[in-house]
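Trainee: For the sequence shown, the working numbering gives the first residue as 3, with consecutive numbering after it. For glycine and all other residues, C-beta sits at the position ideal for the given N, C-alpha and C. Just so it is clear, the structure is predicted and the values come from calculations on it, not from any experiment.
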Amino acid sequence: MPSLESPLKEGARLLLVSNRLPITIKRSDDGKYEFSMSSGGLVSGLSGLSKSTTFQWYGWPGLEVPEDEIHLVKKRLSDEYDAVPVLIDDELADRHYNGFSNSILWPLFHYHPGEITFDESAWYAYRDANRLFAKAIANDVKDGDLVWVHDYHLMLLPAMLREEIGTSKKNVKIGFFLHTPFPSSEIYRILPVRNELLLGVLHCDLIGFHTYDYARHFLSSCSRILGLSTTPNGVEFQGKIIAVGAFPIGIDPEKFTEGLKKEKVQKRITALEQKFQGVKLMVGVDRLDYIKGTVEFMPIHFMHKSVNFDELIALYAVSDVCVVSSTRDGMNLVSYEYIATQKKRHGCLVLSEFAGAAQSLNGSIIVNPWNTEELANAFQEAVTMSDEQRTLNFSKLDKYVSKYTSAFWGQSFVSELTRISEHGEKKLRLRRSSKVPEEMAKDAVVPSIPVYDTTKNENKK
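1) Hey, quick one: how far does the beta strand (DSSP E) through E238 stretch, first residue to last?
2) How big is the Cα-Cα spacing for S123 and E66?
3) Check Y60 in the structure and name its three-state DSSP category.
4) So, are the CB atoms of L274 and I341 less than 8 Å apart?
5) Which residues bound the beta strand (DSSP E) around V45?
6) At what residue ranges does the segment 132–189 contain a whole run of the alpha helix (DSSP H), taking only runs of 4 or more?
7) Can you say whether Q172 is buried or exposed, counting buried as having 16 or more other CB atoms within 10 angstroms of its CB?
8) Which word fits P183, buried or exposed, when buried means at least 16 other C-beta atoms lie within 10 angstroms of its C-beta?
9) How many angstroms separate the CA atom of L79 from the CA atom of R191?
10) Report the residue from Y406, K137 and L351 whose alpha carbon sits nearest the alpha carbon of E165.
11) Count the other CB atoms, across all protein chains shown, that sit within 10 Å of the CB of K242; report buried if there are 16 or more and exposed otherwise.
12) Do you know offhand how far W411's Cα is from W108's?
13) With distances taken Cα to Cα, identify the nearest neighbour of F37 among L134, K28 and Y216.
14) What's the call for D81, buried or exposed, on a 16-neighbour Cβ count within 10 Å?
15) Under three-state DSSP, which class holds A248?
16) Could you check where the beta strand (DSSP E) with Y35 kicks off and where it finishes?
17) For N395, is the classification buried or exposed, using 16 other Cβ atoms within 10 angstroms of its Cβ as the cut-off for buried?
18) What does a CB cutoff of less than 6 Å around S327 pick up in its chain, not counting 5 residues either side in sequence?
19) Please classify S20: is it buried, with 16 or more other beta-carbons within 10 angstroms of its beta-carbon, or exposed?
20) CB-CB under 8 Å to L10, same chain, minus the five flanking residues each way: which ones, in chain order?
21) Determine the contact status of Q58 and L18, defining contact as a CB-CB distance below 8 Å.
22) Out of L89, D142, G61 and Y338, which has the shortest C-alpha to C-alpha gap to N364?
23) Return the first residue and the last residue of the beta strand (DSSP E) that C224 is part of.
24) Quick check: what's the CA-CA separation for L283 versus D322?
25) H348: which of E390, G332 and E383 sits nearest, CA to CA?
26) Can you name the start and end residues of the alpha helix (DSSP H) that I118 belongs to?
27) Assuming N21 is part of the beta strand (DSSP E), what are its boundary residues?
28) In the DSSP assignment, the alpha helix (DSSP H) including P109 goes from what residue to what residue?
29) Output yes or no for whether 8 Å exceeds the beta carbon distance between P194 and F102.
30) Would the segment 124–134 and the segment 150–159 be scored as touching if the rule is three or more Cβ pairs under 8 Å?
31) Confirm, please, whether the CB-CB distance from H181 to D153 is below 8 Å.
32) Roughly how many whole angstroms lie between the Cα atoms of A127 and H205?
33) Using CA atoms only, rank isn't needed, just tell me which of I227, I422, A359 and T26 is closest to H212.
34) Just grab the DSSP bridge partners of D331 for me.
35) State the DSSP-derived secondary structure class of S366, mapped to helix, strand or coil.
36) What residue does the alpha helix (DSSP H) around T259 start on, and which one ends it?
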């Protein structure tokens with residue numbers, strides 16, 4: 003297991019930014035607030051980093067806060083969660099999240115361009131919401147801080163934050179991590195605001211993806227769409243090398259192994275084993291959306307409800323096979339979670355080749371989910387596999403999941419952000435003097451950022 007020492011330098015702060023705070027806030031009619039931690043992939047992914055590193059989390063609180071209650075909400079979030087709310091009214095938040103981020107970027111990044119209809123008003127909302135984030139962070143950021151921006155909802159934020167900070171703060175380092183796939187340049191170029199989003203994230207010091215394929219697609223878009231010079235691990239932009247890399251996310255395996263020890267979980271496992279005695283059990287855990295499957299054809303009964311953690315790990319533990327058949331997935335941590343519960347059963351993992359996890363989880367049965375015959379054969383192979391082969395496959399999977407945890411992911415990214423930004427300009431000088439033709443090293447290829455001017459197109463809102 004990797005060390006849990008903090009990757010931050012002495013005196014440096016880490017400001018973590020996501021569209022939504024990891025806190026569920028409920029307001030009653032009489033103005034009383036209830037706060038509780040949320041669940042989700044990003045929360046799980048960063049739980050490991052929180053064991054070694056203190057960070058302040060910025061995000062939308064999930065509701066519009068009345069003016070006279072803002073101070074109360076800010077104080078409780080700060081005192082209880084070390085969190086800072088970015089205040090956005092409900093209408094703008096909806097147009098930013100549902101109108102642009104999830105109706106345009108999400109389907110495009112998952113290779114479903116037919117699902118999108120570009121809406122200029124949604125784009126303006128996306129831009130305006132990113133500006134509010136930039137102003138909120140710029141108000142707090144200090145010299146030497148690290149700012150880690152997460153996901154496609156905030157792709158304009160790095161550029162806007164640089165603009166808001168100007169020269170008032172020194173050595174502020176910005177990282178960006180995309181939790182979805184980044185599509186091929188031929189798909190990405192469909193987007194009318196393709197230049198603006200690329201320029202937005204290029205104001206970072208480090209840009210991270212789950213897999214090298216996603217990083218390669220991003221670099222290809224920078225080269226083909228913006229005309230920038232790239233290397234396998236960076237892109238030249240405004241006088242420096244912007245580092246680009248693959249940082250596969252993981253889980254906290256201990257959460258699952260410890261969860262299985264609970265008495266009520268053991269009782270549930272016993273009950274499920276009795277219920278399904280003599281049969282092979284296959285499990286799949288997915289959101290209901292079009293990259294996971296459809297409801298038009300349902301040979302298997304679907305229960306439209308969420309499952310609590312204890313029930314989930316019990317289902318994982320009694321299942322002989324886990325099926326991850328998504329047509330496109332940034333990583334898919336269900337595959338990791340299943341492995342973490344299989345130290346006793348050594349279950350098989352049937353994994354879509356279009357999930358990012360397929361590039362990491364050696365020992366799984368990799369399939370093309372569009373090929374139903376191949377998928378059926380994989381099911382047959384999984385349920386008839388010998389105990390010896392299951393044990394061999396599991397040992398490979400367990401070794402990877404146990405080593406490359408969420409803590410390792412978070413520490414790796416923050417460590418690289420701390421290190422890489424100190425050498426970016428030096429690398430560029432060396433590269434220009436030794437390898438890159440002069441015509442490829444000009445800074446004039448890329449326009450500046452008037453596209454983010456919030457006064458532009460006001461009359462069209």
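Mentor: Reading off the structure:
1) Unbroken beta strand (DSSP E) run through E238: G236 to F239.
2) When the Cα atoms are used, S123 and E66 turn out to be separated by approximately 20 Å.
3) Y60: strand per DSSP, three-state reduction.
4) One thing to note: L274 has its Cβ no nearer than 8 Å to the Cβ of I341.
5) Counting along the chain, V45 sits inside no beta strand (DSSP E); it lies in the alpha helix (DSSP H) bounded by residues G43 to S49.
6) Whole alpha helix (DSSP H) segments, 4+ residues: 159–167.
7) Reading off the sequence, residue 172 comes out as Lys, not Gln. With fewer than 16 neighbouring CB atoms inside 10 Å of its own CB, K172 falls in the exposed class.
8) Buried, by the Cβ-count rule.
9) When rounded, the distance between both Cα atoms is 40 Å.
10) Comparing Cα-Cα distances from E165 to each of Y406, K137 and L351, the minimum goes to K137.
11) Counting Cβ neighbours within 10 Å, K242 comes out buried, since at least 16 surround it.
12) Linking W411 to W108 through their CA atoms gives a straight-line distance of about 23 Å.
13) Closest option to F37, Cα to Cα, is K28.
14) Result: exposed.
15) DSSP places A248 in strand when its eight states are reduced to three.
16) Counted as a single uninterrupted DSSP element, the beta strand (DSSP E) harbouring Y35 occupies residues Y35 to M39.
17) N395 should be labelled buried.
18) Closer than 6 Å at the Cβ level, and outside the excluded window around S327, lie S354 and P371.
19) In the assembly as shown, S20 is a buried residue. Its beta-carbon has 16 or more other beta-carbons within 10 Å.
20) Correct list, in chain order: L16, T55, L148, V416 and T420.
21) Yes. Within cutoff.
22) The option with the nearest alpha carbon to N364 is Y338.
23) C224 -> not in any beta strand (DSSP E); alpha helix (DSSP H) instead, spanning Y214 to L228.
24) For L283 and D322, the distance between alpha carbons rounds to 5 Å.
25) Of the candidates E390, G332 and E383, the residue whose Cα lies closest to the Cα of H348 is E390.
26) Boundaries cannot be given for I118, as no alpha helix (DSSP H) includes it and DSSP labels it neither H nor E.
27) Looking at the DSSP string, the run of the beta strand (DSSP E) that includes N21 is L16 to R22.
28) Here the alpha helix (DSSP H) through P109 covers W108 to F111.
29) Between P194 and F102, the CB-CB gap reaches or exceeds 8 Å.
30) Short answer: they touch.
31) It is a contact, given that the beta carbons lie within the stated cut-off.
32) Roughly 21 Å separates the two Cα atoms.
33) Check the Cα spacing between H212 and each of I227, I422, A359 and T26: the tightest is with A359.
34) In the DSSP assignment, D331 is bridged to A357.
35) Look at S366 here: in three-state DSSP terms it is strand.
36) It spans P255 to G261 - the alpha helix (DSSP H) in which T259 sits, taken as one unbroken run.
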